[in-house]
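4 protein chains.
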Amino acid sequence: MSLDTARGVYVIAPTPFHDDGRVDDASIDRMTDFFRAAGCTGITVLGQMGEAPKLDAAEAIAIARRVIGRAGLPVVVGVTAPGFAAMRSLAREVMDAGAAGVMIAPPNTLRTDDQIAGYYRSAVEAVGTDVPFVIQDYPLTFSVVMTPAVIRRIVQENPSCRMLKHEDWPGLEKISALRGFERDGSMRHISILTGNGGLFLDFELERGADGAMTGYCFPDMLADLVRLSAEGRRDAAHDLFDAHLPLIRYEQQQGVGLAVRKYVLMRRGVIDSEAQRQPGARLGAAARAEVDYLLARLARTDPRARVG
Amino acid sequence: MSLDTARGVYVIAPTPFHDDGRVDDASIDRMTDFFRAAGCTGITVLGQMGEAPKLDAAEAIAIARRVIGRAGLPVVVGVTAPGFAAMRSLAREVMDAGAAGVMIAPPNTLRTDDQIAGYYRSAVEAVGTDVPFVIQDYPLTFSVVMTPAVIRRIVQENPSCRMLKHEDWPGLEKISALRGFERDGSMRHISILTGNGGLFLDFELERGADGAMTGYCFPDMLADLVRLSAEGRRDAAHDLFDAHLPLIRYEQQQGVGLAVRKYVLMRRGVIDSEAQRQPGARLGAAARAEVDYLLARLARTDPRARVG
Amino acid sequence: MSLDTARGVYVIAPTPFHDDGRVDDASIDRMTDFFRAAGCTGITVLGQMGEAPKLDAAEAIAIARRVIGRAGLPVVVGVTAPGFAAMRSLAREVMDAGAAGVMIAPPNTLRTDDQIAGYYRSAVEAVGTDVPFVIQDYPLTFSVVMTPAVIRRIVQENPSCRMLKHEDWPGLEKISALRGFERDGSMRHISILTGNGGLFLDFELERGADGAMTGYCFPDMLADLVRLSAEGRRDAAHDLFDAHLPLIRYEQQQGVGLAVRKYVLMRRGVIDSEAQRQPGARLGAAARAEVDYLLARLARTDPRARVG
Amino acid sequence: MSLDTARGVYVIAPTPFHDDGRVDDASIDRMTDFFRAAGCTGITVLGQMGEAPKLDAAEAIAIARRVIGRAGLPVVVGVTAPGFAAMRSLAREVMDAGAAGVMIAPPNTLRTDDQIAGYYRSAVEAVGTDVPFVIQDYPLTFSVVMTPAVIRRIVQENPSCRMLKHEDWPGLEKISALRGFERDGSMRHISILTGNGGLFLDFELERGADGAMTGYCFPDMLADLVRLSAEGRRDAAHDLFDAHLPLIRYEQQQGVGLAVRKYVLMRRGVIDSEAQRQPGARLGAAARAEVDYLLARLARTDPRARVG
């Protein structure tokens, strides 16, 4: 399948580590199987929340290969790098290994519209014009602000652009604007999957997003939500979403979020350890108890939250 | 009463405008009365969400005087300014008019611990050491990161520091750290009221916050929540909070938030117009319908949300 | 005369204070006379280096009036403010007092091309479409990056735009690009005066700048340089420039620069005191000795540098 | 020799490329020989101006090995990386190859004093406590502001810290403060070499810097300057410096600077091509002519500037 028609949940995979910091292959396998069983339609590895910058080059490639080989789902690989040589090396390796495409975030030095469009042209030249790619639009972290018109420009200038990981905040109007560009014929269709931990997924779907690309610790819920929304069962979709919102909100704390996510995935039996490589926030006792409390409350309506 | 023992809700007041941009005095009066009736224990005017930077000096003073004269509650006035001369002028005017204290945010050029502490010393010298002041700690907007140790230093160096408007994100551990400083005797007690639109108020109260200083469009709910939490009714507090969370989350979108807030306050009959001065985001039709939908869902459990 | 045909040196005036922080009117008068005698063709007051943000509204207006009333030269007034209400008030006051135009810097929150162009449209609406204005393009301080195309857009969308204070770094290619736009007919002519303390004035003039808008402590040298360059005496222009470059470079240190500038102007007898309002860097003994050494070296070829 | 007693010029080496972007080994060798002959006391490779982020891991190691194997001088290797795994890999490789130490710049997300000190502790743990390292303090590029007290803290907490690449701007007072810490016994001695293209090297040496770590296209002049200054020949040192200042200033333009540097090194016969990898600024015809003009003027007093 082609990335530009992707729908559903491309879950952002964390990278499981052993407590001593080594990559945990067994947990990668279990997690990969879990994602497929959870109804995910794709997997994204080596993103920010996959602790990609903390891996060396050999580790990164090994992880991508492992997930691609096992998933039976399209796998998008983050190839964001400080320079194009490293980006090209990684992109070539993972495409050869069977990746469905690569994801590219802009460096935080970009400011003007021209700089942003120029960067993506150069990146495409570096990785190869035959490599499908995903724009990562995440101003809160990257400090790069892309207007809908700039995204359109990237899409139109680069035929290999197939998907937008939409993570602007706020971002509802941006989805509407992009879908408006498609309707007025000024932009071809791409898939729009949204991030931000799912915090606005309820309305993002209603605005025209095709699904989620985020790593919230209940990807199975995200998949259900996308399905309910696609079926037009609006109230049911919001009921499900609202039940999870207290935890979604808690997980969406910058810096702390990944610790919450790994903790819950560990509690759910998906990965063996919540360990992160340095630098990484650790949940203190109070935070741990708060997450447990949120899980207990959630379990009243969603049995998947019964974790112990 | 003294600000350092303040509890409850110091609501951040928006500034009501007529559709043509003039300050709307009648709405200010109605809003002031509403806040008192809603159970707020204080009011904060001329903050960022009060569109303070869009007012000229005379307007700012007039608004502060009007609210102070009518509220029958302690009023904190934002005096953040590009320089100390303007800060001093405004602070002196509003203290003479009966303000309970002033709030000071750091300029976004500050980086190091020494720069931050030095700034507050100079600001205190400018407004007068007899003027009670509130630290505004809002890194997402001001780009100034204050560690708990720096806040302690400001508190200890400046006896007139009485309160922290805590708006770090994430910020739960910061509250715990500051209350820990009080317990270990290294910092005197100050009031901690939290912002961020209330998005974490449920747990912030449990971590030791004294209440909220935020302008969520249901300050009456915030007051109830603080009361429930103080009474130790944890589940009831979370039930109330969770019902409002979809709307709290929606209102907490940067830039868009004030438009949502004013729209709901208008729907609730508190102010006449949702108008903002330029530059100001406007709710489009889709966003308006989304807010209406959230209000309708909320009204199933909270009758205050029945707005029309 | 109209600002769009301005040439020469529009010196950025510092604001002289007494040692106790009061505005020093006698020094303002002496400085104004000195600027005219030095060959300046205009004066700019209330800029960043004029410590404008440290003045309250009444002080700012009084200073602008005083210089306008005495100079016998066109006076541009900085009206940059946190909001449009304050900007309009100040602009109206100084235009009524006889200012030649106002200067507007962009707020540091602007990122995209559309945001920048939109801001200037709103600012023009606020101050009045009849008020000639100067764009201040100073990314190092304001963190706003304007491409030549965005500047052209502002110029073309706002007939009252008459001048660019060009202070990008590096900026030579930007001057060439803008003059290219004029040649290809896509942008009408505006005056381009350059800042950055004069650090690139030698080549900026050769690229098409009309002169300088900066406050280097030898504005008389800047005026000579513009004249030599206009006469086509390239080597003589560079010889003069190079003799001053060690001091220009020293004065162009961020933060420290104004202290150097005021110190030299005091040594030259132009102002009575080097005092700045808080926050303001002070020259230590070592820096003072370094400036004295540079002045002594400069005095070997430029007698104006004999200051004591 | 130990890095903490290093003096003179540790030249920042550019990475020579062929016009097609491949690494140019022959030019690396010629450049290495040139640096030794020019009087440099050390060489720094894989810095920002060495286009390190544009190299892939294998290229980076190969370049470091090549220079180390040939130089006959201590070689410092930049190992700044997005994460500690990649930093450790590179550091181990180059130390095994005979590097004198590594240089580490802080990531631009650091804000508070504690974050900065904590980062260096973690980095030291990652590369190994036995690996001598250089702090790179370059706020203009990295947006991380280190006070003298924070630098002292890093030095005192990490015995393997041996040198500061001082590149703050302005930075003279920082050198004085650090040397003051040594005198008052609160900080052990480290070598301080300065950057910023040499723009303040004249006074930096007088303030206590041990030399330069910068890549100005006349490292031979930098070596002479350090020698003259060490001999106490102040006026001669300044005369030499001032003659080069117009070009130093021109080369110190952000972004453009490396293009100027490579162009002059090519003109001097040190490297074969001025090519940079993408993204890289190119000198236009006007800039090229300006540099040629500056070289011609410089050649009147410094015969090394006769390049064609």
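Residue numbers (the numbering used here), protein chains in the order written: chain A, 1 to 308; chain B, 1 to 308; chain C, 1 to 308; chain D, 1 to 308. By construction, the Cβ of each residue, glycine as well, lies at the ideal position given by its N, Cα and C atoms.
Item                                                                                                                                                     : Value
What is the residue span of the alpha helix (DSSP H) that leucine 298/B lies within?                                                                     : 285-299
Checking the sheet assignment: what are the DSSP bridge partners for valine 102/D?                                                                       : Val77/D and Phe133/D
What's the C-alpha gap between alanine 332/B and aspartate 113/A?                                                                                        : For residue 332/B there is no data in the structure shown, the boundaries of chain B being 1 and 308.
Is the CB-CB distance between arginine 267/C and valine 307/C below 7 Å?                                                                                 : yes
Mind listing, in chain order, the continuous beta strand (DSSP E) runs of no fewer than 3 residues lying wholly within the segment 40-100 of chain D?    : 42-45 and 75-78
Any beta carbon of chain A sitting closer than 7 Å to that of aspartate 56/D?                                                                            : yes
Tell me, which residues are paired with alanine 212/B by DSSP?                                                                                           : Val9/B and Thr194/B
Residues of chain A with CB closer than 7 Å to the CB of glutamate 59/D, please, in chain order.                                                         : Ala85
Could you check the C-alpha separation between alanine 52/C and valine 291/A for me, to the nearest Å?                                                   : 50 Å
What residues in the segment 132-163 of chain D bring their beta carbon closer than 9 Å to a beta carbon of chain B?                                     : Pro139, Ser143, Val144, Val145, Met146, Thr147, Ala149 and Val150
Quick one: does glutamine 115/A have its CB under 7 Å from some CB of chain D?                                                                           : no
Is it the case that the Cβ atoms of threonine 32/B and arginine 70/B are separated by a distance below 7 Å?                                              : yes
Along chain A, which residues have their Cβ under 8 Å away from the Cβ of serine 122/D?                                                                  : Gln278 and Pro279
Quick check on phenylalanine 241/B: does DSSP put it in helix, strand or coil?                                                                           : helix
What is the rounded straight-line gap between the Cα of arginine 162/D and the Cα of glycine 208/A?                                                      : 56 Å
Within 10 Å of its beta-carbon, does alanine 85/D have 16 or more other beta-carbons around it, so buried, or fewer, so exposed?                         : buried
Quick one: is serine 186/C buried, meaning 16 or more other Cβ sit within 10 Å of its Cβ, or exposed?                                                    : exposed
For chain B, is any of its Cβ atoms less than 7 Å away from the one on proline 74/C?                                                                     : no
So if DSSP puts cysteine 161/B in a beta bridge, which residue, or which two residues, is it bridged to?                                                 : Phe133/B
For the segment 166-188 of chain D, which residues have a CB atom closer than 8 Å to at least one CB atom of chain C, in sequence order?                 : Trp169, Pro170, Leu172, Glu173 and Ser176
In three-state terms, what does DSSP make of valine 145/B?                                                                                               : coil
How about glutamate 125/D: is its C-beta nearer than 7 Å to some C-beta of chain C?                                                                      : no
Beta carbons nearer than 8 Å to chain A: which residues of the segment 3-37 of chain D have them?                                                        : none
Under 7 Å, do arginine 182/B and threonine 194/B count as touching if we go by C-beta distance?                                                          : The amino acid at residue 182/B is misidentified as arginine; the sequence shows glutamate. No, these two residues do not count as a Cβ contact at 7 Å.
Taking Cβ positions, are valine 155/A and valine 131/A nearer each other than 7 Å?                                                                       : no
When the distance is taken between beta carbons, is threonine 44/A closer than 7 Å to methionine 221/A?                                                  : no
For the alpha helix (DSSP H) that contains aspartate 24/B, what are its first and last residues?                                                         : Per DSSP, aspartate 24/B belongs to no alpha helix (DSSP H) and is neither H nor E.
Per DSSP, phenylalanine 200/D forms a beta bridge with which residues?                                                                                   : Answer by DSSP bridge pairing: none, since phenylalanine 200/D is not bridged.
Just confirm the distance between the C-beta atoms of phenylalanine 200/A and glycine 171/A, as a whole number of angstroms; I'd bet it's less than 8 Å. : 7 Å
Along the segment 191-225 of chain B, where does the CB come closer than 9 Å to a CB of chain A? Name the residues.                                      : Leu199, Phe200, Asp202, Phe203, Glu206 and Arg207
Any idea what DSSP makes of phenylalanine 17/A, helix, strand or coil?                                                                                   : strand
Using CA atoms only, rank isn't needed, just tell me which of His244/B, Thr80/B and Pro82/B is closest to arginine 304/B.                                : His244/B
Which value, in whole angstroms, describes the spacing of the CA atoms of aspartate 137/D and isoleucine 151/B?                                          : 26 Å
Kindly indicate if chain D contains any beta-carbon less than 7 Å away from that of proline 246/C.                                                       : yes
According to the Cβ coordinates, are lysine 174/C and proline 148/C closer than 7 Å?                                                                     : yes
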